[in-house]
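*Asks:* The number in this note's numbering is simply the position in the sequence shown, starting from 1, with 15 added.
Using N, Cα and C, we set each Cβ at its ideal position, and we do this for glycine too.
Since we're looking at a predicted model, the values are computed, not measured.
One structure follows; several queries about it will come next.
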Amino acid sequence: MAERDDRLRTVDEHLAIVLDGIGSLDPIELNLMDAQGLILAENVITDVPLPGFDNSAVDGYAVRAVDTKGAEEDKPITLPVVGDVAAGNRAMSGMGAGVSMRIMTGAPIPTGADAVIPLEWTDRGLAQVAIRQSARSGTSIRRAGEDLPAGAPALAAGAALGPQQIALLAAIGRDRVAVRPRPRVLVVSTGSELVEVGHPVGFGEVPDANSYLLAAAARDAGADAYRVGIVPDDHTKLLDVLESQLLRADVLVTTGGVSMGAFDIVKQALSELGTVSFTRVAMQPGKPQGFGHLGDHVPIFCLPGNPVSALVYCIARRAAGIA
16 MAERDDRLRT
26 VDEHLAIVLD
36 GIGSLDPIEL
46 NLMDAQGLIL
56 AENVITDVPL
66 PGFDNSAVDG
76 YAVRAVDTKG
86 AEEDKPITLP
96 VVGDVAAGNR
106 AMSGMGAGVS
116 MRIMTGAPIP
126 TGADAVIPLE
136 WTDRGLAQVA
146 IRQSARSGTS
156 IRRAGEDLPA
166 GAPALAAGAA
176 LGPQQIALLA
186 AIGRDRVAVR
196 PRPRVLVVST
206 GSELVEVGHP
216 VGFGEVPDAN
226 SYLLAAAARD
236 AGADAYRVGI
246 VPDDHTKLLD
256 VLESQLLRAD
266 VLVTTGGVSM
276 GAFDIVKQAL
286 SELGTVSFTR
296 VAMQPGKPQG
306 FGHLGDHVPI
316 FCLPGNPVSA
326 LVYCIARRAA
336 GIA
């Protein structure tokens, strides 16, 4: 049934009631690209280290740091070049004392080497290389697991999956994740004065801007939003529309018909479908509002017909983190 609360609620009180009345959608598993923009519904632990092996951070020469000791711009140290290590090299390379190997960015560090001399510190030699700056052990090497060791948390449930998060999941080998789906938000405009956008507007008629406003706001917040269309000030027609949409909606939004006028039929109709509380909130514009549930606990927001009032309410919801 519909309830009326004549007490003026504060914005914080009303937001608390709304938040308490909205649950989470059940998680679904999606591939990474389909999961972009959604909220992660699981804690992700990496099974592999990131990076997966010691690799070069630059193009240069793999060396033993001790073999470069004393190298200076005017007193370079020359080492023979005994091989090349390319990125994607799947065979483990090795090298001994007093030599170097050309190495590419991302290539695995050869056994025996403990530093990489950047090309800029050398004469870029092929058979032998003149090194003009000494290195320390670990110079220009990305160690296995230095970003994330195996068994470490990668992402926590509740994380928004943007480009960086999608890349991280791909890097640790996760091609599917559990996420919260986008809520399906259905917007219903009420009022016999309304006409569809693009149709001729007669005297006393108004184009239905509100449904576009609210659907766009819902999409901007990450929902899948749909305009149901215009419902005139007719009790039976409104009931028929709302009942027909319950199975496909995660959230219902109506606009118009929540004030004190004789033809504001939203409050009357909702008394037959669920429990909705109509109240006044200490905000202007947007004071008259309704919130509750229809059918199988589908949340419904009943907003004023004034476009600015509806928009102000949407902004308040976004500030509170309600999609």
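Considering just the uninterrupted stretch of the beta strand (DSSP E) at Thr-154, what are its terminal residues?
*Replies:* Residue 154 sits at position 139 when you count from the first residue of the sequence shown. Neither: Thr-154 is in no beta strand (DSSP E) and is coded neither H nor E.
*Asks:* Label Arg-191 either buried or exposed according to how many other C-beta atoms from any shown protein chain fall within 10 Å of its C-beta, with 16 as the threshold for buried.
*Replies:* In the sequence shown, residue 191 corresponds to position 176, counting from 1. Classification of Arg-191: exposed, given that the 10 Å Cβ count is below 16.
*Asks:* Enumerate in chain order the residues of its own chain whose CB-to-CB distance from Leu-40 is below 7 Å, with the five nearest sequence positions on each side excluded.
*Replies:* One-based indexing of the sequence shown puts residue 40 at position 25. Closer than 7 Å at Cβ, skipping near neighbours: Arg-195, Pro-196, Pro-198 and Asp-265.
*Asks:* What first and last residue would you give for the alpha helix (DSSP H) that runs through His-250?
*Replies:* Position 235 of the sequence shown holds residue 250. Here the alpha helix (DSSP H) through His-250 covers 250-260.
*Asks:* Quick check for students: name the residue ranges of the alpha helix (DSSP H) that lie wholly in the region 142-221, counting only runs of 4 or more.
*Replies:* List check, alpha helix (DSSP H) in window: 178-186.
*Asks:* Taking all protein chains shown into account, decide if Val-114 is buried (16 or more other Cβ within 10 angstroms of its Cβ) or exposed.
*Replies:* Counted from its first residue, the sequence shown places residue 114 at position 99. So Val-114 counts as buried.
*Asks:* What does the Cβ neighbour count give for Asp-255, buried or exposed, with the cut at 16 atoms within 10 Å?
*Replies:* One-based indexing of the sequence shown puts residue 255 at position 240. By the neighbour-count rule (16 or more Cβ atoms within 10 Å), Asp-255 is not buried but exposed.
*Asks:* Across the region 117-128 and the region 89-102, are there enough close Cβ pairs to call them in contact, namely three or more that are closer than 8 Å?
*Replies:* Taking 8 Å as the limit for Cβ pairs, the verdict is that the region 89-102 does touch the region 117-128.
*Asks:* Rounded to whole angstroms, what's the CA-CA distance from Leu-261 to Met-48? Just pull it up for me.
*Replies:* As a position in the sequence shown, residue 261 is number 246, starting the count at 1. As a position in the sequence shown, residue 48 is number 33, starting the count at 1. Answer to the nearest angstrom: the Cα atoms are 29 Å apart.
*Asks:* Below 7 Å, is the gap between the Cβ of Ala-175 and the nearest heavy atom of the ligand NAD?
*Replies:* The model on display carries no ligand, and the ligand NAD is accordingly not part of it.
*Asks:* Given Met-298, which residues of its chain have a CB within under 6 Å of its CB, disregarding the five upstream and five downstream residues?
*Replies:* Locating residue 298 in the sequence shown gives position 283, counting from the first residue. Taken in chain order, the residues that qualify are Val-26.
*Asks:* Just reading off the alpha helix (DSSP H) that Val-63 is part of, what are its end residues?
*Replies:* By 1-based counting over the sequence shown, the position of residue 63 is 48. Per DSSP, Val-63 belongs to no alpha helix (DSSP H) and is neither H nor E.
*Asks:* Might you give, ordered along the chain, the residues of its own chain that have their beta carbon closer than 6 Å to the beta carbon of Ala-72, omitting 5 neighbours on each side?
*Replies:* Translated into the one-based positions of the sequence shown, residue 72 becomes position 57. Around Ala-72: Ser-155 and Arg-157.
*Asks:* Can you tell me where the alpha helix (DSSP H) with Glu-28 in it begins and where it stops?
*Replies:* In the sequence shown, residue 28 corresponds to position 13, counting from 1. Taken as a continuous stretch (DSSP letters only), the alpha helix (DSSP H) holding Glu-28 covers 26-35.
*Asks:* From Val-202 to Ala-31, what does the alpha carbon distance come to, in whole angstroms?
*Replies:* By 1-based counting over the sequence shown, the position of residue 202 is 187. By 1-based counting over the sequence shown, the position of residue 31 is 16. Going from the Cα of Val-202 to the Cα of Ala-31 covers about 23 Å.
*Asks:* If you draw a straight line from the alpha carbon of Asp-35 to that of Phe-306, how long is it in whole angstroms?
*Replies:* Walking along the sequence shown from the start, residue 35 turns up at place 20. Walking along the sequence shown from the start, residue 306 turns up at place 291. Each residue's alpha carbon lies about 11 Å from the other.
*Asks:* Could you tell me the alpha carbon to alpha carbon distance between Ser-44 and Pro-168, rounded to whole angstroms?
*Replies:* For this step, residue 44 is matched to residue 29 along the sequence shown. For this step, residue 168 is matched to residue 153 along the sequence shown. The residue asked about is misnamed: residue 44 is Glu in this sequence, not Ser. Going by the C-alpha atoms only, they are around 19 Å apart.
*Asks:* Keeping to the same chain, check which residues put their C-beta closer than 6 Å to that of Leu-23; ignore five residues upstream and five downstream.
*Replies:* As a working mapping, residue 23 is identified with position 8 in the sequence shown. These residues qualify, in order along the chain: Arg-295 and Ala-297.
*Asks:* Counting only runs that start and end within the region 40-107, where is the beta strand (DSSP E) found for 3 or more residues in a row?
*Replies:* Correct list: 43-46, 75-78 and 92-100.
*Asks:* Does DSSP put Asp-235 in a helix, in a strand, or in coil?
*Replies:* For the purposes of this step, residue 235 is taken as the residue at position 220 of the sequence shown. Helix, per DSSP.
*Asks:* My assumption, with CB atoms under 8 Å, is that Asp-223 sits in contact with Ser-204. Please give the rounded CB distance.
*Replies:* As a working note, residue 223 is residue 208 in the sequence shown. As a working note, residue 204 is residue 189 in the sequence shown. Yes, Asp-223 and Ser-204 are in contact; Cβ-Cβ is about 5 Å, under 8 Å.
*Asks:* Tell me whether Pro-319 sits in a helix, a strand or coil according to DSSP, three-state version.
*Replies:* Here the question's residue 319 lines up with position 304 in the sequence shown. Pro-319 falls in the coil class under three-state DSSP.
*Asks:* Let me know the secondary structure DSSP gives Val-296 once reduced to three states.
*Replies:* Locating residue 296 in the sequence shown gives position 281, where the first residue counts as 1. Val-296 falls in the strand class under three-state DSSP.
*Asks:* Hey, how far is the Cα of Glu-88 from the Cα of Ser-149?
*Replies:* Residue numbering aside, residue 88 sits at position 73 when the sequence shown is read from its first letter. Residue numbering aside, residue 149 sits at position 134 when the sequence shown is read from its first letter. Whole-angstrom Cα-Cα distance: 10 Å.
*Asks:* Where do the ends of the alpha helix (DSSP H) carrying Ala-284 lie?
*Replies:* The residue you call residue 284 lines up with position 269 of the sequence shown. Per DSSP, Ala-284 belongs to the alpha helix (DSSP H) from 281-285.
*Asks:* Using DSSP with H/G/I as helix, E/B as strand and the rest coil, what is Phe-278?
*Replies:* Numbered from 1 along the sequence shown, position 263 holds the residue referred to as residue 278. Low per-residue confidence applies at Phe-278: pLDDT is 48, beneath 50, and the placement is therefore not dependable, though the value from the model is reported in the following sentence. Three-state DSSP puts Phe-278 in coil, outside helix and strand.
*Asks:* By DSSP's criteria, Leu-267 is part of a beta bridge. Which residues make up the other side?
*Replies:* Numbered from its first residue, the sequence shown carries residue 267 at position 252. Beta-bridge pairing links Leu-267 to Leu-201 and Ile-315.
*Asks:* Would you say Ile-181 and Gln-51 are within 8 Å of each other, going by their C-beta atoms?
*Replies:* Residue numbering aside, residue 181 sits at position 166 when the sequence shown is read from its first letter. Residue numbering aside, residue 51 sits at position 36 when the sequence shown is read from its first letter. Yes, these two residues count as a Cβ contact at 8 Å.
*Asks:* Measure the alpha-carbon distance for Gly-160 versus Thr-93 and round it to whole angstroms.
*Replies:* Indexing the sequence shown from 1 puts residue 160 at position 145. Indexing the sequence shown from 1 puts residue 93 at position 78. Each residue's Cα considered, the two are about 33 Å apart.
*Asks:* Quick one: what does DSSP say Val-327 is sitting in, helix, strand or coil?
*Replies:* Residue numbering aside, residue 327 sits at position 312 when the sequence shown is read from its first letter. Val-327 falls in the helix class under three-state DSSP.
*Asks:* Considering only the beta carbon of each residue, do Val-281 and Leu-253 sit closer than 8 Å?
*Replies:* Counting from 1 along the sequence shown, the entry for residue 281 is found at position 266. Counting from 1 along the sequence shown, the entry for residue 253 is found at position 238. Cβ atoms of Val-281 and Leu-253: closer than 8 Å.
*Asks:* Once the 5 residues before and after Ala-175 are set aside, which same chain residues still bring their CB inside 7 Å of it?
*Replies:* On the sequence shown, position 160 is the one that residue 175 refers to. So the qualifying residues of the chain are Ile-54.
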